[in-house]
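Asker:
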Amino acid sequence: MYSKEHQQIRVHDFEPEQERFRTEVLSGLQKSPKELPCKYFYDERGSYLFECICELDEYYIPRTEAAIMEAYIEQMVELIGPGVLLIEYGSGNSTKTRILLKHLHELAAYVPIDICQKQLLRATVELVSDYSGLEVLPVCADYTSDFELPVTNRPCRRRVVYFPGSTIGNFDPIPAKHFLEHIAGVCGPRGGLLIGVDLKKDPAVLHRAYNDGKGVTAAFNLNLLERVNRELNGDFQPEWFEHYAFYNPGEGRVEMHLVSLKDQTVHLDNVSVPFARGESIWTESSYKFTLDEFEQMAGDAGFKVAHVWTDEKQWFSVQYLVNTGGTRS
Ligand code: AVI
Numbered sequence: 318m319y320s321k322e323h324q325q326i327r328v329h330d331f332e333p334e335q336e337r338f339r340t341e342v343l344s345g346l347q348k349s350p351k352e353l354p355c356k357y358f359y360d361e362r363g364s365y366l367f368e369c370i371c372e373l374d375e376y377y378i379p380r381t382e383a384a385i386m387e388a389y390i391e392q393m394v395e396l397i398g399p400g401v402l403l404i405e406y407g408s409g410n411s412t413k414t415r416i417l418l419k420h421l422h423e424l425a426a427y428v429p430i431d432i433c434q435k436q437l438l439r440a441t442v443e444l445v446s447d448y449s450g451l452e453v454l455p456v457c458a459d460y461t462s463d464f465e466l467p468v469t470n471r472p473c474r475r476r477v478v479y480f481p482g483s484t485i486g487n488f489d490p491i492p493a494k495h496f497l498e499h500i501a502g503v504c505g506p507r508g509g510l511l512i513g514v515d516l517k518k519d520p521a522v523l524h525r526a527y528n529d530g531k532g533v534t535a536a537f538n539l540n541l542l543e544r545v546n547r548e549l550n551g552d553f554q555p556e557w558f559e560h561y562a563f564y565n566p567g568e569g570r571v572e573m574h575l576v577s578l579k580d581q582t583v584h585l586d587n588v589s590v591p592f593a594r595g596e597s598i599w600t601e602s603s604y605k606f607t608l609d610e611f612e613q614m615a616g617d618a619g620f621k622v623a624h625v626w627t628d629e630k631q632w633f634s635v636q637y638l639v640n641t642g643g644t645r646s
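Residue numbers (this note's numbering): 318 to 646.
(1) Roughly how many angstroms separate the alpha carbons of residue 540 and residue 416, rounded to a whole number?
(2) Is any heavy atom of the ligand AVI found at a distance shorter than 7 angstroms from the C-beta of residue 486?
(3) Leaving out five residues on either side along the sequence, give the residues of the same chain with a beta carbon under 8 angstroms from the beta carbon of residue 543.
(4) Using the Cα positions of residue 321 and residue 435, report the straight-line distance between them to the nearest angstrom.
(5) So, at 6 angstroms on beta carbons, what are the nonlocal neighbours of residue 346 in its own chain, with the 5 sequence-adjacent residues on each side left out?
(6) Please classify residue 636: is it buried, with 16 or more other beta-carbons within 10 angstroms of its beta-carbon, or exposed?
(7) Excluding the five sequence neighbours on either side, which residues of its own chain have a C-beta within less than 6 angstroms of the C-beta of residue 621, listed in chain order?
(8) For residue 371, report the span of its alpha helix (DSSP H) as first-last.
(9) Compute the Euclidean distance between the alpha carbons of residue 428 and residue 405, then round it to the nearest angstrom.
(10) Does the pairing of the stretch 495 to 514 with the stretch 342 to 356 give three or more beta-carbon distances under 8 angstroms?
(11) Can you tell me which of the three DSSP states residue 432 falls into?
(12) When burial is assigned at 16 or more other CB atoms within 10 Å of the CB, is residue 515 buried or exposed?
(13) Does the beta-carbon of residue 534, which I'm using as the reference point, lie nearer than 7 angstroms to any heavy atom of the ligand AVI?
(14) Given residue 366, which residues of its chain have a CB within under 7 angstroms of its CB, disregarding the five upstream and five downstream residues?
(15) What three-state label does DSSP hand residue 395 in the structure shown?
(16) Let me know the secondary structure DSSP gives residue 419 once reduced to three states.
(17) Hey, which unbroken runs of the alpha helix (DSSP H) at 4 residues or more fall wholly within the stretch 585 to 621?
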């Protein structure tokens with residue numbers, strides 16, 4: 318653990334160590350079926366590719382969520398109230414947050430949390446220059462792990478966590494509930510959670526969103542192999558794997574895989590990983606919810622749904638949840 322100074326910006330650094338990456342990658346590749354944790358998509362190139370995905374016509378999530386935010390920001394601000402500490406999980410380039418930063422009253426501070434140190438630093442430099450007087454306290458961390466939040470200069474009335482983009486859908490159901498419980502602990506008894514939740518819809522729309530015509534999602538998926546090569550001295554040949562994404566209606570999720578195009582053996586340092594032709598590495602699940610399903614899960618985690626905003630087609634929702642009991646950790 319250490320901190321880095323950059324133009325007077327202090328990043329509270331809990332970046333996962335290389336050893337953890339190595340352990341999780343090796344154990345994932347030794348499972349059957351093989352898997353890799355989707356949080357490792359977001360190295361510098363992966364974060365850039367995800368930004369490119371967010372600009373694609375087929376990937377409806379960012380623009381639908383942004384339109385909901387624009388349309389209902391006054392109602393959201395009213396419910397959230399003044400003087401809050403705004404904490405964002407997986408802040409990326411913080412673009413989505415700007416609308417909140419612009420409208421929230423007497424913000425105590427903004428704490429962006431992201432696993433990618435470089436992107437976090439870039440976003441913080443921009444925010445500090447664009448919002449004078451705003452205290453930005455960046456934290457580089459895997460937000461599913463435990464870490465201390467930085468101390469703010471101004472007192473805060475309440476903590477509100479912002480978790481947009483339906484990233485909650487990247488957790489399996491039990492970890493998702495545990496993660497919501499963890500958020501309830503972080504935001505405390507009177508705290509809130511403003512969350513983006515993707516809804517169940519026509520599978521053809523989902524298929525297009527995760528199989529875009531320009532192949533950006535495929536490049537994002539395959540970048541994970543390049544990252545493993547770079548950081549773990551691996552010899553994956555990305556061209557011998559294919560991006561494969563589909564909606565699994567029984568499980569209510571889009572699954573992303575990397576499928577081996579032939580029998581092959583990959584090496585990471587001195588570890589050999591055999592692949593049969595057609596065998597896959599499961600790299601991501603993206604769960605889609607009905608409003609009732611999400612309300613049930615949030616309730617089980619100690620949150621009450623205070624308000625739900627959706628778009629006309631009911632493809633996406635932004636929800637404000639209040640903590641009905643959890644303690645502040
Ligand atoms: C970050 N997360 C919500 C995205 C999703 O839709 O599951 C990641 C993504 N994977 C492929 N495209 C986008």
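No residue lacks a Cβ here, since even glycine has one placed at the ideal position from N, Cα and C.
Answerer: Result, derived from the coordinates:
(1) What you label residue 540 is simply residue 223 of the sequence shown in a count that begins at 1. What you label residue 416 is simply residue 99 of the sequence shown in a count that begins at 1. Using only the alpha carbons, I get a separation of about 31 angstroms.
(2) Residue numbering aside, residue 486 sits at position 169 when the sequence shown is read from its first letter. Distances between the C-beta of residue 486 and the heavy atoms of the ligand AVI include at least one below 7 angstroms.
(3) As a first step, residue 543 is located in the sequence shown; it is residue number 226 there, counting from the start. So the list reads 362, 553 and 555, once near-sequence residues are dropped.
(4) Position 4 of the sequence shown, counting from 1, holds the residue named residue 321. Position 118 of the sequence shown, counting from 1, holds the residue named residue 435. The predicted position of residue 321 is uncertain, since its pLDDT is 45 and thus under 50; a value taken from the coordinates is nonetheless stated next. Rounded to the nearest angstrom, the two C-alpha atoms are 11 angstroms apart.
(5) The residue labelled residue 346 in the question sits at position 29 within the sequence shown. Apart from the 5 residues on each side of it in sequence, residue 346 sits with its Cβ closer than 6 angstroms to the Cβ of 590 in its chain, given in chain order.
(6) The residue you call residue 636 lines up with position 319 of the sequence shown. Buried, by the Cβ-count rule.
(7) Counting from one through the sequence shown, the residue named residue 621 turns up at place 304. For residue 621, where only same-chain residues beyond five positions count, the Cβ hits under 6 angstroms are 639 and 641.
(8) Position 54 of the sequence shown, counting from 1, holds the residue named residue 371. Neither: residue 371 is in no alpha helix (DSSP H) and is coded neither H nor E.
(9) Within the sequence shown, numbered from 1, the residue matching residue 428 stands at position 111. Within the sequence shown, numbered from 1, the residue matching residue 405 stands at position 88. Rounded to whole angstroms, the gap between the alpha carbons of residue 428 and residue 405 is 6 angstroms.
(10) no
(11) In the sequence shown, residue 432 corresponds to position 115, counting from 1. It is coil, neither helix nor strand.
(12) For the purposes of this step, residue 515 is taken as the residue at position 198 of the sequence shown. Flag for residue 515 reads buried.
(13) The sequence position of residue 534 within the sequence shown is 217, counting from 1. At least one heavy atom of the ligand AVI lies less than 7 angstroms from the C-beta of residue 534.
(14) Taking the first residue of the sequence shown as 1, we reach residue 366 at position 49. For residue 366, where only same-chain residues beyond five positions count, the Cβ hits under 7 angstroms are 533, 536, 537 and 540.
(15) Taking the first residue of the sequence shown as position 1, residue 395 is located at position 78. In this structure, residue 395 counts as helix in the three-state DSSP scheme.
(16) By 1-based counting over the sequence shown, the position of residue 419 is 102. If DSSP states are grouped into helix, strand and coil, residue 419 belongs with the helices.
(17) 608 to 617
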